[in-house]
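Novice: Quick note, the sequences are listed as chains A and B, same order.
Residues in the first sequence are numbered from 84 upward in steps of one, following our numbering.
Residues in the second sequence are numbered from 25 upward in steps of one, following our numbering.
Ideal Cβ positions, reconstructed from N, Cα and C, are used throughout, including at glycine.
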Amino acid sequence: MFYYLGLAAVLFSIGLFGVITRRNVIGILMSLELMFNAANINFVTFNKFILNDGLTGQLFAIFIVVVAAAEATVGLAIVLLLYRNWRGINTDNVSIMKW
Amino acid sequence: MIEAGVSVIFWILAFIIIVSALAVVTLKNIFHSALFLILCLFSVAGIYIMLHAEFLAAAQVLIYVGAVSILIIFAIMLTSNLASERIVQSNKNALVAFFVCLMFLVTTIVLINKTGVWNYTSGVLPAENIITIGKLLMTQFMLPFEVVSVLMLAAMIGAIVLAREDKA
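#1: What would DSSP say about Asn137(B), mapped onto helix, strand or coil?
#2: Helix, strand or coil, according to DSSP, for Arg105(A) in the structure here?
#3: Which residue wins for smallest C-alpha separation from Phe123(B), given the options Ile103(A), Leu90(A) and Tyr87(A)?
#4: Does chain A have any CB closer than 8 Å to the CB of Ile40(B)?
#5: Suppose the cutoff is 6 Å on Cβ atoms and the five residues either side in sequence are ignored; what does the same chain contact list for Leu51(B) look like?
#6: With a threshold of 8 Å between beta-carbons, can Met25(B) be considered close to chain A, or not?
#7: When the distance is taken between beta carbons, is Leu115(A) closer than 8 Å to Phe128(B)?
#8: Taking a Cβ distance cut-off of 8 Å, strictly less, list which residues of the stretch 113 to 145 of chain A are near chain B, in chain order.
#9: Is the beta carbon of Phe60(B) sitting closer than 8 Å to the one on Ala47(B)?
#10: Report buried or exposed for Lys116(B), applying the criterion of at least 16 other Cβ atoms within 10 angstroms of its Cβ.
#11: When you compare only the Cα positions, how much space is there between Thr103(B) and Phe55(B)?
#12: Using a beta-carbon distance below 8 Å, is Thr156(B) in contact with chain A?
#13: Can you pull the chain B neighbours of Ile161(A), defined as C-beta to C-beta under 8 Å?
#14: According to the neighbour-count rule (16 or more other Cβ atoms, all chains shown, within 10 Å of its Cβ), is Thr128(A) buried or exposed?
#15: Which value, in whole angstroms, describes the spacing of the CA atoms of Ile145(A) and Leu119(B)?
#16: In chain A, which residues lie less than 7 Å from Gly70(B) when you measure between Cβ atoms?
#17: For Gly101(A) versus Gly89(A), is the C-beta spacing smaller than 8 Å?
#18: Locate the alpha helix (DSSP H) running through Ile87(B), then write down its first and last residues.
#19: Evaluate the contact criterion for the stretch 137 to 152 of chain A versus the stretch 162 to 171 of chain A: three or more CB pairs, one atom per stretch, below 8 Å.
#20: In whole angstroms, what is the alpha-carbon distance linking Leu138(A) and Phe85(A)?
#21: In chain A, what lies closer than 9 Å to Leu59(B) by C-beta?
#22: Under 8 Å between beta-carbons, which chain B residues line up against Ile97(A)? List them in chain order, please.
#23: List, in order along the chain, the chain A residues whose C-beta lies closer than 8 Å to that of His76(B)?
#24: Starting from Ile46(B), trace the alpha helix (DSSP H) both ways and give me its first and last residue.
#25: Compare the C-beta of Leu63(B) with all C-beta atoms of chain A and state if any pair is closer than 8 Å.
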């Protein structure tokens, strides 16, 4: 079980690194997907090894997959909107929300 | 500590996952990153199968490998003049980010290692994976299920409204 949790931790750290370092919005979204998957691995691992009186962990992992799909949809729509308005999707160009 | 199910297949899958995840966050070409993301998600589906989550593995392949990856590649192609090799895809705080993530990783692994109070069980999961999940969805988790469907509807409408051409 420790190895599964360790794999999830490594995957989450890689995703965090990607979110911090990418300049491209699509790159940030891809790193976010990595982090969602790390969380899902944790859910399924705990469901398998800890107090399994059902499949609650897997069920919540399915909910996470659905929410991630919705997030990717809206995020990529925002990406297309940014591209149309600013001719570029790097995060340092888009600063009108910055105070 | 129970170390059930850790085998050669797990190490192969873990190696593929970590290498392809590193490729996702470090490659210059964003299109190659998307392809490695597909490989990574597919291997995570393999991990789910090893953990007896067959329905989740199938859903992962259908939703992530099928839908989300196609969506990402579609967006990359629509913004194609930004994906060339000569544009720097990472910003200046890579070194700081590396140390932050390394510290996070070390802290997490030490915490996992030190926690000794897991209530391990040697029981087996219900054999009928899909039947159990369906029953849970329709009885105990009825409300989250409906909320998630409303969320999907909202996301769909939001995406359409955002990406629409403004006629006015």
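Specialist: According to the structure shown:
#1: helix
#2: strand
#3: Ile103(A)
#4: no
#5: Ser57
#6: Residue confidence for Met25(B) is low, a pLDDT of 41 falling below 50, so the modelled location carries little weight; the figure read from the coordinates is stated next. Interface residue, yes.
#7: no
#8: Met113, Ser114, Glu116, Leu117, Asn120, Asn123, Ile124, Val127, Thr128, Asn130, Lys131, Phe132, Ile133, Leu134, Asn135, Gly137, Leu138, Thr139, Gln141, Leu142, Ala144 and Ile145
#9: yes
#10: exposed
#11: 11 Å
#12: yes
#13: Leu186
#14: buried
#15: 35 Å
#16: Under the 7 Å cutoff, chain A gives no residues; its nearest Cβ is about 11 Å from Gly70(B).
#17: no
#18: That residue, Ile87(B), is in no alpha helix (DSSP H); it is neither H nor E in DSSP.
#19: no
#20: 20 Å
#21: By Cβ distance, chain A contributes nothing, its closest Cβ being about 11 Å from Leu59(B), past 9 Å.
#22: Ile42, Ala45, Leu46, Val48, Val49 and Cys125
#23: Lys131
#24: Here residue 46(B) is Leu; the residue named in the question, Ile, does not match the sequence. Leu46(B) -> alpha helix (DSSP H) spans Val32 to Thr50.
#25: no
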